[in-house]
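Chains as they are written, first to last, in the numbering used here: chain X, 14 to 326; chain D, 14 to 326. Report on one structure; see the data block that follows.
Protein chains: 2
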Amino acid sequence: MNSINKLFNIRYPIIQAGMVWASGWKLASAVSNSGGLGLIGAGSMYPDVLREHIQKCKRATKKPFGVNVPLLYPDVDLLMKVIIEENVPIIFTAAGNPKIWTKHLKNKNRIVVHVISSVKFALKAQESGVDAVVAEGFEAGGHNGREETTTMTLIPLVKKAIKIPLIAAGGIASGKSMFAAMALGANGVQVGSRFVASNEASSHLNFKNEVVRSQQGSTILTLKEITPVRMIKNPFYNKLKEIYDRGGSVDELKKMLGRGRAKKGMFEGDLLEGELEIGQVASQINKIISAESIIKEFIKDYNSVFEELKKIT
Amino acid sequence: MNSINKLFNIRYPIIQAGMVWASGWKLASAVSNSGGLGLIGAGSMYPDVLREHIQKCKRATKKPFGVNVPLLYPDVDLLMKVIIEENVPIIFTAAGNPKIWTKHLKNKNRIVVHVISSVKFALKAQESGVDAVVAEGFEAGGHNGREETTTMTLIPLVKKAIKIPLIAAGGIASGKSMFAAMALGANGVQVGSRFVASNEASSHLNFKNEVVRSQQGSTILTLKEITPVRMIKNPFYNKLKEIYDRGGSVDELKKMLGRGRAKKGMFEGDLLEGELEIGQVASQINKIISAESIIKEFIKDYNSVFEELKKIT
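Laid out in structure tokens, this is it:
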């Protein structure tokens with residue numbers, strides 16, 4: 014049996030990424046009910062809001078689901094308190110050192126997965142006792158690593174270095190790219206962008222439509238001096254670029270970023286002034302559909318590879 | 014039958030990239046003799062030198078082989094004259110507009126393939142009458158596109174847009190990544206970096222050893238203001254970076270580049286002062302072996318995916 018299916022007790026080795034302003038209880042429960050693993054993205058939630066989402070998710074599905082927590086957020090301890098009190102069985106951590114929280118969560122018998130973008134941090138995560146890692150390539154949306162290593166290059170490197178199960182992320186929006194990631198050595202995949210353009214995502218419709226409209230070259234990895242993040246090149250990004258072009262300071266960039274830019278773009282649908290985080294693979298997404306249809310299409314396309322490719326003699 | 018095998022009349026759909034200072038007649042003929050398609054890289058050759066390599070290659074193999082020509086080079090017409098006179102059956106063109114040369118070469122009944130890094134240029138190449146395109150991702154070594162689209166994202170996009178056969182390049186150094194590329198929709202693969210670290214490559218041994226030593230993060234895509242190129246972050250790159258860091262001009266970059274940096278690094282083995290062009294996937298290459306062994310390993314690893322992955326029910 015696939016190690017990822019076994020670890021999470023799910024039918025398909027497809028994890029829906031925990032994404033700010035996109036993955037609340039609705040999306041997470043829909044994915045879990047369809048045989049994948051749904052994740053609530055705690056990064057955009059106050060502790061009370063997270064609790065509400067967890068409770069609603071429990072009511073909406075009997076299947077396993079999880080929560081994604083960016084470790085660098087200020088109230089991470091309050092979020093973790095909620096997660097433990099609400100008996101969430103699976104926690105994905107990202108953007109920070111997994112050491113302290115992994116131990117704490119493992120003591121509470123939770124399944125812990127950490128998101129990395131390098132071999133070095135994959136090994137650190139394994140050492141800290143996580144059950145699996147997500148290895149995320151350069152093409153992924155939102156926060157990203159500094160090494161700029163693409164999924165194609167990263168997965169075989171991490172696979173060779175670690176012993177625990179490996180989940181691939183970045184550039185995976187179809188069953189064919191899922192197959193590709195698994196041929197490279199991944200045991201399962203984490204899918205973000207494709208689920209943003211789903212009926213159940215809490216993202217604003219304007220943003221979902223923008224994802225559907227985007228083409229090759231619509232996104233860029235920027236803000237490397239602060240935290241690298243991949244976003245759509247919209248008018249807000251152009252303001253950042255203008256600061257770069259005239260050699261502005263990191264402080265100016267931070268000031269332009271300000272607060273609430275991500276919420277404004279992705280949740281409130283302000284395509285001009287908001288920050289729109291999405292992966293390169295948005296260029297392959299042409300329709301807003303249900304989470305269940307996404308999973309079904311993935312499995313169909315995954316299996317179709319067996320019809321198309323034969324052994325080479 | 015696979016469309017790439019058929020187009021080139023080769024056993025395996027593996028093309029060895031035509032690379033400056035690496036792929037002369039020795040490497041090209043060894044690859045062709047092993048069932049792939051070997052390419053002589055004309056980019057680093059004077060017309061007379063190219064003629065010599067073609068003639069030696071003909072003597073060394075009865076199998077099809079080709080020549081890669083960067084179209085922006087000053088003496089491209091002289092190189093093409095040699096290619097036509099010597100009856101080279103297959104020509105790969107890159108870095109330039111394929112329109113004029115494709116027509117000329119098709120009139121002489123040659124097979125023409127053009128290298129692109131975007132859907133837009135894939136369509137232009139198809140329109141100009143090429144027989145196939147190579148779609149090259151962000152992770153590839155040497156000259157690269159401006160869109161920064163990774164192989165994982167690029168291949169399905171190009172596949173959907175064009176009707177002619179598609180060859181994937183960038184990030185492919187094993188049979189597993191070859192499988193991944195073909196699951197994404199490619200009909201064959203072009204492999205560069207892996208063949209640099211081969212016995213038959215004309216690259217300097219110092220450079221081959223540097224490829225073997227390189228790890229995640231060893232390369233970077235730089236010189237985006239001139240022509241984006243992926244290279245190893247060696248002391249020569251550090252000098253470029255120093256110009257960037259202090260906000261230096263494009264002229265300063267060009268002056269630092271000067272002439273002969275690529276030859277100095279890759280052919281003469283000066284790891285300090287030379288430019289070392291290689292793909293991200295160098296981090297997966299751990300041994301200098303023969304071209305024949307590379308091809309054999311590719312096929313073995315490709316077929317092993319069928320043992321490891323099963324249909325999902």
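We put the beta carbon where it would ideally sit given N, CA and C, even for glycine.
When you compare only the Cα positions, how much space is there between residue 124 of chain X and residue 208 of chain D?
Between the C-alpha atoms of residue 124 of chain X and residue 208 of chain D there is a straight-line separation of about 42 angstroms.
Distance CB(residue 156 of chain D)-CB(residue 242 of chain D) smaller than 8 angstroms:
Inclusion of residue 156 of chain D and residue 242 of chain D in the CB contact set at 8 angstroms is warranted, their separation being smaller than that value.
Would you identify the three-state DSSP class for residue 278 of chain D, choosing helix, strand or coil?
Helix, per DSSP.
Residues of chain X with CB under 9 angstroms from residue 297 of chain D, in chain order?
Neighbours of residue 297 of chain D on chain X, chain order: 166, 169, 170, 173.
Within chain X, partners of residue 276 of chain D - CB distance below 7 angstroms
For residue 276 of chain D, no chain X residue has a Cβ inside 7 angstroms of its Cβ, as the nearest lies near 27 angstroms away.
Segments of 3+ residues assigned as beta strand (DSSP E) that fall wholly inside the segment 190-253 of chain D:
The DSSP assignment places 201-204, 232-235, 242-245 as complete runs of the beta strand (DSSP E) inside the segment 190-253 of chain D, in order along the chain (cut-off: 3 residues).
Taking Cβ to Cβ, would you say residue 174 of chain D is nearer than 8 angstroms to residue 135 of chain D?
The criterion of a C-beta distance shorter than 8 angstroms is satisfied by residue 174 of chain D and residue 135 of chain D.
Chain X contacts from the segment 99-131 of chain D (Cβ-Cβ distance under 9 angstroms)
Those would be 131, in chain order.
Helix or strand or just coil, what does DSSP make of residue 182 of chain D?
Secondary structure at residue 182 of chain D: strand, using DSSP grouped into helix, strand and coil.
For residue 82 of chain D, three-class secondary structure by DSSP:
Residue state, collapsed to three classes: strand.
Would you check if the distance between the CB atom of residue 103 of chain X and the CB atom of residue 142 of chain X is smaller than 8 angstroms?
Going by C-beta atoms, residue 103 of chain X is not nearer than 8 angstroms to residue 142 of chain X.
Return the residues of the segment 291-321 of chain D that lie within a Cβ-Cβ distance of less than 7 angstroms from chain X, sorted by chain order.
Taking 7 angstroms as the upper bound on Cβ-Cβ separation, chain X lies near residues 293, 294, 296, 297, 312, 315, 316, 318, 319 of the segment 291-321 of chain D.
Pair every Cβ in the segment 301-316 of chain X with every Cβ in the segment 16-23 of chain D, then say whether three or more of these pairs are closer than 8 angstroms.
Output reads no: the segment 16-23 of chain D does not touch the segment 301-316 of chain X.
Min CB distance residue 189 of chain X to chain D below 8 angstroms:
Residue 189 of chain X counts as touching chain D.
Residues in the same chain with beta-carbon distance under 6 angstroms from residue 44 of chain D, minus the five sequence neighbours each way, listed in chain order, please.
The answer, listed in chain order, is 29, 51, 304.
From X:221, X:95, X:69, pick the residue whose C-alpha is nearest to that of residue 35 of chain X; which is it?
Of the listed residues, the one whose Cα sits closest to residue 35 of chain X is X:221.
Here's the rule: buried if 16 or more other CB atoms are within 10 angstroms of the residue's CB, otherwise exposed. What is residue 283 of chain D?
By the neighbour-count rule (16 or more Cβ atoms within 10 Å), residue 283 of chain D is buried.
Please report whether the beta-carbon of residue 197 of chain D lies at a distance below 8 angstroms from any beta-carbon of chain X.
Yes, residue 197 of chain D lies at the interface with chain X (some Cβ there is under 8 angstroms from its Cβ).
Please check if any C-beta of chain D sits within less than 8 angstroms of the C-beta of residue 54 of chain X.
Residue 54 of chain X has a beta carbon lying at 8 angstroms or more from every beta carbon in chain D.
Residue 37 of chain X, buried or exposed, once every other Cβ within 10 Å from all chains shown has been counted against 16
Looking at its Cβ environment, which holds 16 or more other Cβ atoms inside 10 Å, residue 37 of chain X is buried.
Out of curiosity, what's the CA-to-CA distance linking residue 178 of chain X and residue 146 of chain X?
Taken atom to atom, the span from the alpha-carbon of residue 178 of chain X to that of residue 146 of chain X is near 7 angstroms.
Boundaries (first-last residue) of the alpha helix (DSSP H) holding residue 311 of chain D
Note, residue 311 of chain D: alpha helix (DSSP H), 304-321.
Since residue 290 of chain D sits in a beta bridge, which residues does DSSP pair it with?
The partner list for residue 290 of chain D (beta bridge, DSSP) reads D:244.
Along the chain, where does the beta strand (DSSP E) that runs through residue 67 of chain X open and close?
Careful: residue 67 of chain X lies outside any beta strand (DSSP E), inside the alpha helix (DSSP H) at 60-73.
Hey, residue 182 of chain D and residue 153 of chain D: beta-carbon distance below 8 angstroms or not?
In contact: residue 182 of chain D and residue 153 of chain D (Cβ atoms closer than 8 angstroms).
Closest by C-alpha distance to residue 129 of chain X, when choosing among X:203, X:309, X:91:
Closest by C-alpha distance to residue 129 of chain X, out of X:203, X:309, X:91, is X:203.
Here's the rule: buried if 16 or more other CB atoms are within 10 angstroms of the residue's CB, otherwise exposed. What is residue 260 of chain D?
Residue 260 of chain D is exposed by the Cβ-count criterion.
Endpoints, beta strand (DSSP E) assigned at residue 126 of chain X
From DSSP, the beta strand (DSSP E) with residue 126 of chain X extends over 124-129.
Beta-carbon separation of residue 311 of chain D and residue 216 of chain D under 8 angstroms?
By the CB criterion at 8 angstroms, residue 311 of chain D and residue 216 of chain D fall outside the cutoff.
Euclidean distance between Cα positions of residue 108 of chain X and residue 84 of chain X:
Approximately 6 angstroms between the Cα atoms of the pair.
Against chain X, does residue 74 of chain D count as a neighbour if the rule is that its beta carbon must be under 8 angstroms from one of theirs?
With 8 angstroms as the cut-off, residue 74 of chain D does not count as an interface residue toward chain X.
Can you check DSSP and say which residues form a bridge with residue 27 of chain X?
Residue 27 of chain X pairs with X:202.
Provide the residue span of the alpha helix (DSSP H) that contains residue 171 of chain X, from first to last.
Membership of residue 171 of chain X in the alpha helix (DSSP H) is indicated by the continuous run 164-174.
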